[in-house]
Structures are given as C-alpha cells and as structure tokens.
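Just add 94 to wherever you are in the sequence shown, counting from 1, and you've got the working numbering. Here a beta-carbon is modelled for each residue, glycine too, at the ideal position from N, C-alpha and C. Keep in mind the model is a prediction, meaning the values are calculated, not measured. Please read the structure below before turning to the comments.
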Amino acid sequence: MIMADKKLDIVPLSGWGMFTDPRPSVVAGPCSAESEEQVMETAKGLKELGINVFRAGIWKPRTHPGCFEGIGVPGLKWLQRVQKEYGLKVATEVASEKHVAECLKHGVDMVWIGARTTANPFLVQEIADALKGTDIPVLVKNPVNPDLELWIGALERLSRAGIRKLGVIHRGFSTFDKIKYRNDPHWDIALEMRSRYPELPFFTDPSHLGGSRDYILEISQRSLDLGFEGLMVESHCNPQVALSDSKQQLTPEQLKDLLHNQIVVRESDSDSKEWRENIDQLRAKIDVIDESIIYSLGSRLKISRQIGEYKKNNNVAIVQAARWDALMAKAIAIGNEYGLPEKFLTDVFNAIHEASVEAQNEIISGKSSEQ
Ligand code: PEP
Ligand code: MN
Numbered sequence: 095m096i097m098a099d100k101k102l103d104i105v106p107l108s109g110w111g112m113f114t115d116p117r118p119s120v121v122a123g124p125c126s127a128e129s130e131e132q133v134m135e136t137a138k139g140l141k142e143l144g145i146n147v148f149r150a151g152i153w154k155p156r157t158h159p160g161c162f163e164g165i166g167v168p169g170l171k172w173l174q175r176v177q178k179e180y181g182l183k184v185a186t187e188v189a190s191e192k193h194v195a196e197c198l199k200h201g202v203d204m205v206w207i208g209a210r211t212t213a214n215p216f217l218v219q220e221i222a223d224a225l226k227g228t229d230i231p232v233l234v235k236n237p238v239n240p241d242l243e244l245w246i247g248a249l250e251r252l253s254r255a256g257i258r259k260l261g262v263i264h265r266g267f268s269t270f271d272k273i274k275y276r277n278d279p280h281w282d283i284a285l286e287m288r289s290r291y292p293e294l295p296f297f298t299d300p301s302h303l304g305g306s307r308d309y310i311l312e313i314s315q316r317s318l319d320l321g322f323e324g325l326m327v328e329s330h331c332n333p334q335v336a337l338s339d340s341k342q343q344l345t346p347e348q349l350k351d352l353l354h355n356q357i358v359v360r361e362s363d364s365d366s367k368e369w370r371e372n373i374d375q376l377r378a379k380i381d382v383i384d385e386s387i388i389y390s391l392g393s394r395l396k397i398s399r400q401i402g403e404y405k406k407n408n409n410v411a412i413v414q415a416a417r418w419d420a421l422m423a424k425a426i427a428i429g430n431e432y433g434l435p436e437k438f439l440t441d442v443f444n445a446i447h448e449a450s451v452e453a454q455n456e457i458i459s460g461k462s463s464e465q
C-alpha cells in the first residue's frame, strides 16, 4: 500500500551549526580512515581549503571478504584529533546500533547511513532506535536499488525516532547495464524526492555515483544546476595508495581547484539572478528527461532488432498492420490523459515506427545483425 506523503519535521541546513559557507555545503574526506597520519594529513589539507565537515569511513561495507573492512573503533580517536586540532566537524557511516553507540561515545558530529544499509529496514530501524533522544544530524544515502519508497521509508523511521536534522545523499543506483558511471544516476528519482520533500537538505555524492575522479566535476555541476545544496566528495591525501575507492578520490588540492575554480554556483541574490537560477534548474530538469527519452528510445530499438531477428528466423513479414494500429490507438489514449495532442503523438510514433521498420529491414535483408 502506498502511504500519502507526510511532511517531515526538518531543521534546515543553516540550523545544523556545521555548514557556514554558501552553496554548495561540502562534506569531504577519505573513503576510509586508514592510519592516523593519513587522516590528519587529509584533514589538514581540507581545513586549508575551507571545508567544515570531514568524512571518513570507520566501518566499511565491502563487496568481498578479505578487503580492507575499516579500522574500527581506534579510528574514532583520530577523528577526535581532527575535531580538536583543526576545528572540523566529523562524520562517519553507521550500519548498526553498535556503530551508533560508539559514535555517540566518541562525540562524532554527524552520521550517515550507507546505501546497502538503507536497503534494509531492520537495520535502519535499529539505527533509528539507537539514535532516539539525540539531536545528531543524519544523512541517508539512497538504497542501492532504485526504490524511492524504500529511501523515504528510512527517512520516516528516523523522523519517527525524533531525528530532525535529517538530509539525503544521492549516490546513484546499482545497475547491471554497462554505463559510463559506477552507479546509475537516475536523476529522475532524485528529482521526485526533491519535489516530494523540498524541505529536505539534499547532497550528491559524485565520487560513488561516478566511480572515477574524472566525473566528479560534471556530476557536481549537474547536481548544483538541479538546485541541490550539498556535495559529499571523497578526498585522500594520496589517492593512489588508498585502501578503498582509490579511483574516485581527489587530493585536497584537486578538490580546492574544483570548488574554487571549476564549479559554477548559481547565486540568487537579485531578481534577475533568481530568474537565471530558476531557468537553469528547469533546463537541467529538461536535460534529465531528454536523456531518459534517448535511453528509452535506444532500449526500444534494441528490442525491435531482436524482434527482427525473430521474424527472420520464423519467416514472418516485418510490418504487422493490426499490431501497429493497436499500439498507436493505445498511445493516443494514454497520451490524452497526459494532455498530449493527438497529432504530436501520431508524428512521434510514426517516426519511431519508421526507425523500427528500417532496423528490422536491415536485419532481414542481412545488412545488419541484432546488436
Ligand atoms: C561511502 O560513503 O564510503 C560508502 C560506502 O558509500 P555508499 O554507501 O554510497 O556505497
Ligand atoms: Mn567509498
């Protein structure tokens, strides 16, 4: 059963006492705390570039056993040094009530729930129960699977436990498809979350989403263009030797260049600038939709080619008029409900049909094979 959205009782980011800079609000630090030296050196570099909130994974959810699974509780002492010596707020991932208890004991300033954990309501509930009565900020990463309701369910559990400094991190969704990023961005899901809960502070994690430092700029820019307020970026003093996620971390120096010289932050401090920001956000949304149209058209053509092969093997003609008439009538009926003019839909579907017939023709005539 789908529950109606209830407004979440949220403290805005400006009231969290951690993000003083204008947009974007940045959380940065290594994927994993590896050694005291690595933590301190990275924190020093990040402090120098004006970062306020330092992240470091203490317990790491790794795909395969035998990989570096995090330094555990001793690393929390290093985070305390970061707080004391550099005045940074510190954040880490929690995946159990035991992790929460250790974080609270060691004065961690903020926690986040990782993508694998958000997918598990038992664990989210356990974490929410362990956080009851505290006012520690909590960021919830999207679940690994593209399930908006599961993501929202995690927020509801924390909200019911009294957590009001609540935000989300978009880090993309696992996919078996070959795409250029490590995870499928599904910006449509992120936008749906934003439109259902506009009051919810929204971070994007370009490191985990892209899986490569080469994509951090483009993903961060898109996130800002869509109007999201924060970034969580992995940064390591020497990414090449990182014990986890070495390809997707920037040095503090590279992060400085990205934030100070590369990223374009749209301001909104005058009427015309506000217009600019709105129009840029709307265009960014259109871009997301256009990409998903292209993706859908590509998937459709691929299936058309498979059908072409199948027709060829079974010696069946390409054009099946009755099937096409039914498809067109259905498209027009559905389109009607969405306010799409009949002529427009007919033109679009005729063009799609033409491309399909052409692709199947090539297959049957032996000019091309299904790809
Ligand atoms: C992380 O932030 O280090 C992490 C494990 O991320 P995710 O949960 O997004 O995979
Ligand atoms: Mn990581």
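By DSSP, does Glu464 sit in helix, in strand, or in coil? The residue labelled residue 464 in the question sits at position 370 within the sequence shown. Legend: pLDDT at Glu464 = 45, less than 50; position of this residue unreliable, no value from coordinates given.
What residues in its chain sit with their C-beta under 6 Å from that of Gly169, if we drop five residues either side in the sequence? Here residue 169 corresponds to residue number 75 of the sequence shown, with the count starting at 1. Within the same chain, Cβ atoms closer than 6 Å to the Cβ of Gly169 are found at Ala127 and Ile152, the five residues on either side in sequence being excluded.
Return helix, strand or coil for Ser339, following the three-state DSSP convention. If you number the sequence shown from 1, residue 339 lands on position 245. A small correction: the amino acid at residue 339 is Asp; Ser does not occupy that position in the sequence shown. It is coil, neither helix nor strand.
List in chain order: all unbroken beta strand (DSSP E) runs of 3+ residues lying wholly within the stretch 194 to 256. 204 to 207 and 232 to 235
Residue interval of the beta strand (DSSP E) (run including Thr186): For this step, residue 186 is matched to residue 92 along the sequence shown. Lys183 to Val188 is the extent of the beta strand (DSSP E) around Thr186.
For Leu143, three-class secondary structure by DSSP: As a working note, residue 143 is residue 49 in the sequence shown. If DSSP states are grouped into helix, strand and coil, Leu143 belongs with coil.
Hey, is Ser306 close to the ligand MN, as in C-beta under 7 Å from one of its heavy atoms? For the purposes of this step, residue 306 is taken as residue 212 along the sequence shown, with counting starting at 1. Ser306: no, Cβ never under 7 Å from the ligand MN.
So is the beta-carbon of Ser338 under 7 Å away from any non-hydrogen atom of the ligand MN? By 1-based counting over the sequence shown, the position of residue 338 is 244. For the ligand MN, at least one heavy atom lies less than 7 Å from the Cβ of Ser338.
Do the stretch 332 to 347 and the stretch 241 to 250 meet, that is, are 3 or more Cβ pairs less than 8 Å apart? no
Spatial neighbours of Ile446 in its chain, beta-carbon cut-off 6 Å, leaving aside the 5 residues before and after: Taking the first residue of the sequence shown as position 1, residue 446 is located at position 352. None.
Span separating the alpha-carbon of Ile263 from that of Leu233: Here residue 263 refers to the residue found at position 169 of the sequence shown. Here residue 233 refers to the residue found at position 139 of the sequence shown. Taking the straight line joining both Cα atoms gives about 6 Å.
Suppose you measure from the CA of Asp319 to the CA of His158; what does that come to, to the nearest Å? Indexing the sequence shown from 1 puts residue 319 at position 225. Indexing the sequence shown from 1 puts residue 158 at position 64. Each residue's alpha carbon lies about 36 Å from the other.
Between Ala453 and Gly402, how many whole angstroms is the CB-CB distance? I'm expecting something under 8 Å. Here residue 453 corresponds to residue number 359 of the sequence shown, with the count starting at 1. Here residue 402 corresponds to residue number 308 of the sequence shown, with the count starting at 1. Contact holds; Cβ gap of about 6 Å.
Quick check on DSSP: helix, strand or coil for Gly261? Counting from 1 along the sequence shown, the entry for residue 261 is found at position 167. The three-state secondary structure of Gly261, taken from DSSP, is strand.
Under DSSP, the beta strand (DSSP E) around Phe296 begins and ends at which residues? By one-based count along the sequence shown, residue 296 stands at place 202. First-last of the beta strand (DSSP E) with Phe296: Phe296 to Thr298.
Please determine whether the Cβ atom of His280 lies at a distance below 7 Å from any heavy atom of the ligand PEP. Here residue 280 is taken as the residue at index 186 of the sequence shown, counted from 1. Answer for His280: no, Cβ out of range of the ligand PEP.
The alpha helix (DSSP H) spanning Leu349 covers which residue range? Sequence index remark: in the sequence shown, residue 349 carries index 255 (1-based). Here the alpha helix (DSSP H) through Leu349 covers Pro346 to Asp351.
Kindly list the residues whose CB is nearer than 8 Å to the CB of Gln132, restricted to its own chain and excluding five residues on each side of it in sequence; keep chain order. Position 38 of the sequence shown, counted from the first residue, corresponds to residue 132. Correct list, in chain order: Pro124, His330, Cys331 and Asn332.
Can you grab the Cα-Cα spacing for the pair Ile310 / Trp206, in whole Å? Residue numbering aside, residue 310 sits at position 216 when the sequence shown is read from its first letter. Residue numbering aside, residue 206 sits at position 112 when the sequence shown is read from its first letter. Taking the straight line from one Cα to the other gives about 20 Å.
Please tell me whether Val105 and Val121 are closer than 8 Å, where the distance is taken between their beta carbons. Translated into positions along the sequence shown, residue 105 becomes position 11. Translated into positions along the sequence shown, residue 121 becomes position 27. With contacts defined by Cβ atoms closer than 8 Å, Val105 and Val121 do not form a contacting pair.
For Glu293, the first and last residue of its enclosing beta strand (DSSP E): In the sequence shown, residue 293 corresponds to position 199, counting from 1. Counting along the chain, Glu293 falls outside any beta strand (DSSP E), and DSSP gives it neither H nor E.
Do Ser314 and Ile357 have their C-beta atoms within less than 8 Å of each other? Locating residue 314 in the sequence shown gives position 220, where the first residue counts as 1. Locating residue 357 in the sequence shown gives position 263, where the first residue counts as 1. Contact: yes.
Assign His92 to one of two classes, buried (16 or more other C-beta atoms within 10 Å of its C-beta) or exposed (fewer than that). Here the chain has residues from 95 to 465 only, and residue 92 is not among them.
Which residues in the same chain as Asp103 place their Cβ atom closer than 7 Å to its Cβ, once the five residues preceding and following it in sequence are excluded? Within the sequence shown, residue 103 is the residue found at index 9, counting from 1. Correct list, in chain order: Ser253 and Arg258.
Taking the alpha-carbon of Gly227 as reference, which of Arg288, Ala209 and Val194 has the nearest alpha-carbon? Counting from 1 along the sequence shown, the entry for residue 227 is found at position 133. Here the closest residue by C-alpha is Val194.
Roughly how far, in whole angstroms, is the beta-carbon of Pro118 from the beta-carbon of Glu323, given that I think they are within contact range, below 8 Å? Within the sequence shown, residue 118 is the residue found at index 24, counting from 1. Within the sequence shown, residue 323 is the residue found at index 229, counting from 1. About 6 Å separates the two Cβ atoms, so the contact holds.
Identify whether Arg276 lies in helix, strand or coil by the three-state DSSP scheme. In the sequence shown, the residue the question calls residue 276 occupies position 182. In the structure shown, Arg276 sits in coil (DSSP, three-state: anything other than H, G, I, E or B).
Cβ neighbour criterion (16 or more within 10 Å) applied to Cys161: Locating residue 161 in the sequence shown gives position 67, counting from the first residue. Looking at its Cβ environment, which holds fewer than 16 other Cβ atoms inside 10 Å, Cys161 is exposed.
Report whether the distance from the Cβ of His330 to the nearest heavy atom of the ligand PEP is below 7 Å. Here residue 330 refers to the residue found at position 236 when the sequence shown is read from its first residue. In this structure, His330 has its beta carbon at no less than 7 Å from each heavy atom of the ligand PEP.
Name the DSSP bridge partner or partners of Glu328? Indexing the sequence shown from 1 puts residue 328 at position 234. Gly123.
Coarse secondary structure for Arg117, derived from DSSP in three states: For the purposes of this step, residue 117 is identified with residue 23 of the sequence shown, where counting begins at 1. Three-state DSSP puts Arg117 in coil, outside helix and strand.
Could you tell me the distance, in whole angstroms, from the CA atom of Ser306 to the CA atom of Thr212? Indexing the sequence shown from 1 puts residue 306 at position 212. Indexing the sequence shown from 1 puts residue 212 at position 118. Taking the straight line joining both Cα atoms gives about 23 Å.
Just to confirm, does His302 get its C-beta within under 7 Å of one of the non-hydrogen atoms of the ligand PEP? By 1-based counting over the sequence shown, the position of residue 302 is 208. Because some heavy atom of the ligand PEP lies under 7 Å away, the Cβ of His302 counts as near it: yes.
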